[in-house]
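Notes for the one structure printed next.
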Amino acid sequence: MEKTGKFGKCVLWTILSYVVISVIAGVCSVIRGAVQGGANGVTFWMVVELLLVPVLFVLAGYLGTVKCGFDRFKSYKVWLFAALFSGVLLALWYLLLEVYVVFNLPVAEGVSAIDMFLRRVTVVENYTVLFLSQTDGYRYGILPMIHFVVRIVYWLLYLWGNRIGVSKEK
32 MEKTGKFGKC VLWTILSYVV ISVIAGVCSV IRGAVQGGAN GVTFWMVVEL
82 LLVPVLFVLA GYLGTVKCGF DRFKSYKVWL FAALFSGVLL ALWYLLLEVY
132 VVFNLPVAEG VSAIDMFLRR VTVVENYTVL FLSQTDGYRY GILPMIHFVV
182 RIVYWLLYLW GNRIGVSKEK
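Whatever position you read off the sequence shown (first residue = 1), add 31 for the numbering used here.
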């Protein structure tokens with residue numbers, strides 16, 4: 032019974048922390064829009080988001096462990112969860128982009144600097160010079176794969192926060 036209670040608490044904490052991180056990412060998006068205006072490049076606020084979102088995942092893993100008394104997470108379970116979660120969101124990219132945007136806010140904001148940098152890269156396609164963002168390869172291949180990988184990395188940072196919390200407890 033205790034095992035089920037801890038598992039439920041862990042799932043609840045994970046969902047709650049992801050929602051809080053999403054809200055913070057949404058606030059960052061609004062602030063970035065107000066600060067950045069119509070700027071077409073990597074801004075200071077994008078770099079702040081690039082650093083802030085991963086720290087939030089580590090902090091969420093740490094706080095969940097310390098406050099809720101979680102045991103050390105098994106790496107393979109976090110990898111499996113991260114891959115499945117990321118895979119489901121990758122499928123949403125192609126099926127329901129509007130829903131994807133809502134659930135992917137932490138990653139979209141966390142990699143906005145990388146995204147903006149890559150968008151401005153010039154490529155030649157059929158003897159035409161384009162920005163990378165104007166190609167189907169970027170929209171349907173590169174950007175979704177960046178998001179896929181970064182989502183997994185963020186959950187591994189959550190695991191790292193758990194490991195830090197467990198080592199502090201001992």
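Even glycine gets a Cβ: it sits at the ideal position worked out from N, Cα and C.
Model, not experiment: these values are computed from the prediction.
Sequence-distant Cβ neighbours of Gly196 in its own chain, meaning closer than 6 angstroms and more than five residues away, are Tyr93, Thr96 and Val97. Between the alpha carbons of Pro175 and Gly39 lies a gap of roughly 31 angstroms. Distance from the CA of Leu120 to the CA of Phe134, rounded to the nearest whole angstrom, comes to 8 angstroms. Between Tyr185 and Val54, the alpha-carbon positions lie close to 16 angstroms from each other.
Note that the segment 80-89 touches the segment 46-64; at least 3 beta-carbon pairs, one per stretch, sit closer than 8 angstroms.
Residue Ala139 holds the alpha-carbon nearest to the alpha-carbon of Val78 among Ala139, Lys105 and Asn157.
The Cβ-Cβ distance between Leu188 and Phe88 falls below 8 angstroms. Here the alpha carbon of Ser106 sits roughly 22 angstroms from the alpha carbon of Pro137.
In this structure, Ala91 sits away from Gly172, with a CB-CB distance that is not shorter than 8 angstroms. By the Cβ-count criterion, Val181 is buried, with 16 or more other Cβ atoms from all chains shown falling within 10 Å of its own Cβ. For Phe88, the enclosing alpha helix (DSSP H) starts and ends at Phe75 to Cys99.
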